[in-house]
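J.:
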Amino acid sequence: MLDDKSILITGGTGSFGHKFISAVLAQYKPSRVVVFSRDELKQYEMQQRFDAPCMRYFLGDVRDAERLRQAMRGIDYVVHAAALKQVPAAEYNPTECIRTNVTGAENVINAAIENGVEKVIALSTDKAASPINLYGATKLLSDKLFVAANNLVGKHRTRFAVVRYGNVVGSRGSVVPFFRKLISDGAKSLPITDQRMTRFWITLDHGVDFVLKNFQRMQGGEIFVPKIPSVKIVDLAQAMAPELDQHVIGIRPGEKLHEMMIARDDSPHTFEYSDHYVITPAIRFVVQSEYEKNGMGETGERVTEGFKYTSDNNGWFLSVDELAALDKQHS
50 MLDDKSILIT
60 GGTGSFGHKF
70 ISAVLAQYKP
80 SRVVVFSRDE
90 LKQYEMQQRF
100 DAPCMRYFLG
110 DVRDAERLRQ
120 AMRGIDYVVH
130 AAALKQVPAA
140 EYNPTECIRT
150 NVTGAENVIN
160 AAIENGVEKV
170 IALSTDKAAS
180 PINLYGATKL
190 LSDKLFVAAN
200 NLVGKHRTRF
210 AVVRYGNVVG
220 SRGSVVPFFR
230 KLISDGAKSL
240 PITDQRMTRF
250 WITLDHGVDF
260 VLKNFQRMQG
270 GEIFVPKIPS
280 VKIVDLAQAM
290 APELDQHVIG
300 IRPGEKLHEM
310 MIARDDSPHT
320 FEYSDHYVIT
330 PAIRFVVQSE
340 YEKNGMGETG
350 ERVTEGFKYT
360 SDNNGWFLSV
370 DELAALDKQH
380 S
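So for the sequence shown, the working numbering puts the first residue at 50; every next one is plus one.
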């Protein structure tokens with residue numbers, strides 16, 4: 050699929066970018082892999098690890114439309130991973146989050162269309178479903194922009210889709226490295242926001258594999274949601290440090306008790322497949338797709354009316370032992 054293709058990933062120096070590029074170089078023979086990000090130090094460090102002849106490193110910010118247009122010349126596939134993601138930071142710096150997550154999304158869309166990019170997948174988050182915080186609201190807007198972009202292209206080849214999933218095990222800024230640091234620093238107990246709190250859980254390997262498969266599955270306009278397990282935060286803390294006590298500190302600004310990936314109101318537009326769900330567009334496109342069957346020939350079925358997919362009603366929870374094994378594997 051990606052042999053002899055040119056791929057660009059925005060925010061490519063992040064945790065997802067490292068794993069995605071590692072997988073692409075191991076499984077395919079691309080002509081170019083372009084890392085687009087604004088941090089020169091992270092790019093320098095990344096070059097020490099990924100120095101294949103096909104690798105390219107572009108300094109730039111998704112807020113800069115002209116730089117994006119330059120970077121996407123000759124590109125076939127784009128993964129849009131750049132975003133401001135910290136919930137509390139977004140609450141206190143809303144305009145900065147909007148400029149990156151919303152204006153940046155619009156810039157990616159325009160640059161892709163102008164350069165005739167074949168396929169674009171934007172990474173989203175469970176916080177975009179029925180958002181209560183600024184970060185989630187900006188990602189919902191971003192999702193809407195990428196879905197609607199399939200109408201802007203008319204009969205041209207560029208197609209856009211979205212991948213939405215939950216917390217990534219061990220990613221920068223997530224709770225796992227935070228707990229690890231507290232443990233290594235000799236903490237006497239671990240802080241728990243709320244003993245009832247649950248979260249969706251996905252590994253980087255799973256996330257990358259899901260994105261790669263969806264390049265084959267997508268027809269344009271879909272929001273792809275993987276079937277993944279949930280975790281109880283108290284179980285995670287116990288798995289990582291069974292000898293430590295836990296103390297409740299309260300939910301942070303903009304934080305939910307449970308996360309959601311498919312809202313009840315999306316059920317009329319949602320199809321279930323063997324290992325994922327697809328939220329199809331509520332609007333009609335110039336070129337309409339039939340979403341019951343995807344680009345890989347897989348067939349889905351409509352979910353029941355009123356269906357929702359939340360971290361607390363998920364039938365798949367990881368046990369303390371499973372979490373401990375996962376933590377050991379990714380430590």
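Glycine is no exception: its CB is placed at the ideal position from the N, C-alpha and C atoms.
Small disclaimer: the values here were computed from a predicted structure and weren't measured.
1. Quick one: using the 10 Å Cβ neighbour count with 16 as the cut-off for buried, is residue 365 buried or exposed?
2. Here's the rule: buried if 16 or more other CB atoms are within 10 angstroms of the residue's CB, otherwise exposed. What is residue 297?
3. Can you check the segment 87–147 for any beta strand (DSSP E) of at least 3 residues that lies completely inside it and give the ranges in chain order?
4. I need the DSSP call for residue 295, collapsed to helix, strand or coil.
5. If you drop the 5 nearest sequence neighbours on each side, which residues of the same chain put their C-beta closer than 6 Å to that of residue 257?
6. To the nearest angstrom, how far is it from the Cα of residue 363 to the Cα of residue 228?
7. For a quick check, are the C-beta atoms of residue 170 and residue 212 less than 9 Å apart?
8. What is the rounded straight-line gap between the Cα of residue 299 and the Cα of residue 275?
9. So, at 6 Å on beta carbons, what are the nonlocal neighbours of residue 373 in its own chain, with the 5 sequence-adjacent residues on each side left out?
10. So within the segment 149–212, which uninterrupted alpha helix (DSSP H) runs reach at least 4 residues, ignoring any that extend past its ends?
11. Taking contact to mean at least 3 C-beta pairs separated by less than 8 Å, is the segment 119–126 in contact with the segment 159–179?
12. Tell me, which residues are paired with residue 320 by DSSP?
13. I want to know whether the segment 228–244 touches the segment 341–354 - three or more CB-CB distances under 8 Å.
14. Tell me whether the beta-carbon of residue 137 lies closer than 9 Å to the beta-carbon of residue 317.
15. Would the segment 311–328 count as touching the segment 256–273 if we require 3 or more Cβ pairs under 8 Å?
16. To which residues of the same chain is residue 52 closer than 6 Å at the C-beta, ignoring the five residues directly before and after it?
17. Mind checking which residues open and close the alpha helix (DSSP H) that includes residue 246?
18. So residue 328 packs on residue 272, CB below 8 Å; how close in whole Å?
19. What do you get for residue 315, buried or exposed, if any count of 16 or more other CB atoms within 10 angstroms of its CB means buried?
20. Could you tell me whether the Cβ of residue 151 comes closer than 9 Å to any Cβ of chain D?
21. Do residue 356 and residue 313 have their C-beta atoms closer together than 9 Å?
22. Does the separation of the CB atoms of residue 84 and residue 106 fall below 9 Å?
T.: Taking the definition as stated:
1. By 1-based counting over the sequence shown, the position of residue 365 is 316. It is exposed - the Cβ of residue 365 has fewer than 16 other Cβ atoms within 10 Å.
2. Counting from one through the sequence shown, the residue named residue 297 turns up at place 248. It counts as exposed.
3. 104–108 and 126–129
4. To locate residue 295, count along the sequence shown from 1; it is residue 246. Of the three classes helix, strand and coil, the one that applies to residue 295 here is strand, per DSSP.
5. On the sequence shown, position 208 is the one that residue 257 refers to. Result list for residue 257: 68, 69 and 72, in chain order.
6. Position 314 of the sequence shown, counting from 1, holds the residue named residue 363. Position 179 of the sequence shown, counting from 1, holds the residue named residue 228. The straight-line gap from Cα to Cα measures roughly 24 Å.
7. Start at 1 with the first residue of the sequence shown, and residue 170 comes out as number 121. Start at 1 with the first residue of the sequence shown, and residue 212 comes out as number 163. Against a cut-off of 9 Å, the Cβ pair of residue 212 and residue 170 comes out as a contact.
8. By 1-based counting over the sequence shown, the position of residue 299 is 250. By 1-based counting over the sequence shown, the position of residue 275 is 226. Each residue's Cα considered, the two are about 29 Å apart.
9. For the purposes of this step, residue 373 is taken as the residue at position 324 of the sequence shown. Cβ neighbours of residue 373 beyond the five flanking positions: 288.
10. 153–163 and 183–201
11. yes
12. Against the sequence shown, residue 320 aligns to sequence position 271. Note: residue 320 sits in a beta bridge opposite 327 and 351.
13. no
14. To locate residue 137, count along the sequence shown from 1; it is residue 88. To locate residue 317, count along the sequence shown from 1; it is residue 268. Judged by their CB atoms, residue 137 and residue 317 are not nearer to each other than the 9 Å cut-off.
15. yes
16. Here the question's residue 52 lines up with position 3 in the sequence shown. Closer than 6 Å at Cβ, skipping near neighbours: 77 and 78.
17. To locate residue 246, count along the sequence shown from 1; it is residue 197. Careful: residue 246 lies outside any alpha helix (DSSP H) and carries neither H nor E.
18. In the sequence shown, residue 328 corresponds to position 279, counting from 1. In the sequence shown, residue 272 corresponds to position 223, counting from 1. At roughly 4 Å, the Cβ-Cβ gap stays under 8 Å, so residue 328 and residue 272 are in contact.
19. Taking the sequence shown and counting its residues from 1, one reaches residue 315 at position 266. Flag for residue 315 reads buried.
20. The structure shown contains no chain D; it is built from a single protein chain.
21. Against the sequence shown, residue 356 aligns to sequence position 307. Against the sequence shown, residue 313 aligns to sequence position 264. Cβ atoms of residue 356 and residue 313: closer than 9 Å.
22. Residue mapping note: residue 84 aligns to position 35 of the sequence shown, counting from 1. Residue mapping note: residue 106 aligns to position 57 of the sequence shown, counting from 1. Yes; because the gap between Cβ atoms is below 9 Å, this pair is in contact.
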